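Accompanying notes for the structure given below.
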Amino acid sequence: MEELARESIGLLAKPTLEAPNLSSAGAVFIMLKSSLGAGLLNFPWAFSKAGGVTPALLVELGSLIFLISGLVILGYASSISTQSTYQGVVREICGSAIGKLCEICFILNLFMISVAFLKVMGDQLEKLCDSLHMNETLNGDGSPPQPWYSDYRFTLTALCLLVLFPLSVPREIGFQKYTSILGTLAACYLTLVVMVKYYLRMEPVIMASSWASMFSVIPTICFGFQCHEACVAIHSSMRNKKFSLWIMVSVLSMIFCLIIYSLTGLYGYLTFGADVAADILLSYPGNDTVIIIARLLFAISIITIYPIVLLLGRSVLQDVCLNYKCSHVVLTEPYERWMRVVLTIMWIIVTLVIALFVPDISKVISLIGGISAFFIFIFPGTYLLIDVCTLSLGGV
Numbered sequence: 001m002e003e004l005a006r007e008s009i010g011l012l013a014k015p016t017l018e019a020p021n022l023s024s025a026g027a028v029f030i031m032l033k034s035s036l037g038a039g040l041l042n043f044p045w046a047f048s049k050a051g052g053v054t055p056a057l058l059v060e061l062g063s064l065i066f067l068i069s070g071l072v073i074l075g076y077a078s079s080i081s082t083q084s085t086y087q088g089v090v091r092e093i094c095g096s097a098i099g100k101l102c103e104i105c106f107i108l109n110l111f112m113i114s115v116a117f118l119k120v121m122g123d124q125l126e127k128l129c130d131s132l133h134m135n136e137t138l139n140g141d142g143s144p145p146q147p148w149y150s151d152y153r154f155t156l157t158a159l160c161l162l163v164l165f166p167l168s169v170p171r172e173i174g175f176q177k178y179t180s181i182l183g184t185l186a187a188c189y190l191t192l193v194v195m196v197k198y199y200l201r202m203e204p205v206i207m208a209s210s211w212a213s214m215f216s217v218i219p220t221i222c223f224g225f226q227c228h229e230a231c232v233a234i235h236s237s238m239r240n241k242k243f244s245l246w247i248m249v250s251v252l253s254m255i256f257c258l259i260i261y262s263l264t265g266l267y268g269y270l271t272f273g274a275d276v277a278a279d280i281l282l283s284y285p286g287n288d289t290v291i292i293i294a295r296l297l298f299a300i301s302i303i304t305i306y307p308i309v310l311l312l313g314r315s316v317l318q319d320v321c322l323n324y325k326c327s328h329v330v331l332t333e334p335y336e337r338w339m340r341v342v343l344t345i346m347w348i349i350v351t352l353v354i355a356l357f358v359p360d361i362s363k364v365i366s367l368i369g370g371i372s373a374f375f376i377f378i379f380p381g382t383y384l385l386i387d388v389c390t391l392s393l394g395g396v
């Protein structure tokens, strides 16, 4: 999702006139950056929810076939289309009605991803505040009540007001392009930490044994492997658009993601068993230094990517508002600034309120995964159906 936002912002700002120069290795790396992120935190819980290692891996491998197929179909659709964004390809090939549905899903997806980011941030702030309060209790006498300013709801609200809002208001966020590696770094670091912590564990754990809800983790898998919205922009930027090369890029990127997600899910589940939290970082002690580093990496990554997701969603909403109400009015600078500030405030307030009242990250990820199914399965499947029908009618 990080790379999707950055690619889309570039396309919204100005159409590129430069010749595509992205190598196949670069395409694989960008696909990895698009996929790896906050979804990794939920995978150990997904292994527990699926009923254990075997059913979780079976569902993951089964989903991988459709994930790769969707990427291959979208790459082919991009090659025969004149558009360089996911929405543009869907609109051109599947028609304006399905194109509008794609835009609605796109905005909802960005909105819920913003909620997920704030929920992850809130969980980490809560754990850090509890850790600080615990240290004060150990150093002092008795157990003093936790001060109001250390409540995660206050700290998360202050973070949105003092940090995220100033970063999100500008029309363009150019400095964000230098932070694209943070999400990938946080994901790889977390995988390594989870593996090491498994071998250092001392207590036995209770493992889940029921396969009854194994398919309920598909939304988590969809959210984790979600890079399909970005793949059209990635394919358009490739120097060599040979179809066989794109298949190789799709397969390699998904296999690398499979390895990282599976290792995190496997070792996180084996460490905590059925007691694993929906956010794996919450299962570890709050005063563990290596876990604190992981929390900081994810926190910084979210602080840098949240404004980008907001900017992309705001840009689409601005276009919708202008086309619906003000298409006959010349857009002035004061009006554009006013609309930008209002939409930014509304976006932050609504996502913050939802994040504060959602019980855990798994609820948000399940909803995002359901929306992601449109981009991974439904829209590529619709294009494939239209293409097959067109070929059949052409052969009659």
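Take the sequence shown: its letter number 341 is residue 341 in the UniProt record's numbering, and every next letter is one higher. Beta carbons are placed, not taken as given, at the ideal position from N, Cα and C, and that holds for glycine. Here the structure is a predicted model, which is why all the values come from computation and not from measurement.
- A contact between stretches requires three or more CB pairs, one per stretch, nearer than 8 Å, and the segment 50-59 meets this requirement with the segment 213-220.
- In this structure, Phe-225 and Cys-257 form a Cβ contact; the two beta carbons are roughly 6 Å apart against a cut-off of 8 Å.
- Closest in alpha carbon position to Phe-117, among Ile-348, Ile-104 and Ser-262, is Ile-348.
- With a threshold of 16 other beta carbon atoms within 10 Å, Tyr-267 meets it and is buried.
- CA-CA distance, Thr-271 to Asp-360, rounds to 20 Å.
- Assignment of Met-238 by DSSP, reduced to helix, strand and coil, places it in the strand class.
- Contact between Ser-250 and Pro-20 fails: their C-beta atoms lie close to 17 Å from each other, not under 8 Å.
- About 6 Å separates the CB atoms of Gln-87 and Phe-106; that is less than 8 Å, so the two are in contact.
- Straight across, the Cα-Cα distance linking Ile-221 with Ala-186 is about 19 Å.
- As computed with DSSP, Leu-22 is found in a beta bridge with Met-238.
- Between Leu-352 and Cys-160, the CB-CB gap stays under 8 Å.
- The DSSP-derived three-state label of Asn-109 is helix.
- In terms of CA proximity to Val-72, Phe-377 leads the group Thr-390, Cys-389 and Phe-377.
- Taking a cut-off of 8 Å for Cβ pairs, the segment 112-127 and the segment 279-293 touch, as three or more such pairs fall below it.
- For the 8 Å CB-CB criterion, Ala-38 and Val-120 form a contact.
- Separation of Val-90 and Gly-273 (C-alpha to C-alpha, rounded to the nearest whole angstrom) is 42 Å.
- Put simply, the segment 335-349 touches the segment 301-320. At least three CB pairs are less than 8 Å apart.
- Scanning Glu-336, Ile-300 and Leu-296 for the CA closest to the CA of Ser-315 turns up Glu-336.
- Across the set Phe-243, Ile-260 and Val-350, the C-alpha of Phe-243 shows the shortest separation from the C-alpha of Ser-78.
- Between Ile-206 and Tyr-198, the alpha-carbon positions lie close to 14 Å from each other.
- Ranked by Cα distance from Glu-60, the first of Gly-26, Leu-263, Thr-184 and Thr-157 is Leu-263.
- Ile-371 sits close to Asn-109, with the two beta carbons spaced by under 8 Å.
- Considering only Phe-374, Leu-190, Phe-165 and Gly-99, the residue with the shortest C-alpha distance to His-228 is Phe-374.
- Between Cys-231 and Leu-74 a beta carbon distance of about 5 Å is seen, short of the 8 Å cut, so the two are scored as contacting.
- Ile-308 sits in a helix when the DSSP states are folded into three classes.
- Its Cα nearest to that of Ile-259, the residue Leu-192 stands out among Ala-277, Ala-355, Leu-192 and Asn-287.
- Within the same chain, Val-364, Leu-367, Ile-368 and Ile-371 come within 8 Å of Met-112 by CB-CB distance, once the 5 residues on both sides are set aside.
- In the displayed model, Val-350 falls within a helix according to three-state DSSP.
- Pairing Tyr-306 with Leu-164 gives a Cβ-Cβ distance under 8 Å.
- The DSSP-derived three-state label of Thr-85 is coil.
- C-alpha of Asn-240 to C-alpha of Val-28: approximately 13 Å in a straight line.
- With fewer than 16 neighbouring CB atoms inside 10 Å of its own CB, Ile-65 falls in the exposed class.
- Minimum Cα-Cα distance from Pro-204 among the listed residues Asp-275, Tyr-152 and Trp-246 corresponds to Asp-275.
- The alpha-carbon separation between Phe-379 and Cys-102 amounts to approximately 8 Å.
- A check of alpha carbon separations from Ile-30 across Ala-277, Tyr-269, Ile-98 and Met-238 identifies Met-238 as the nearest.
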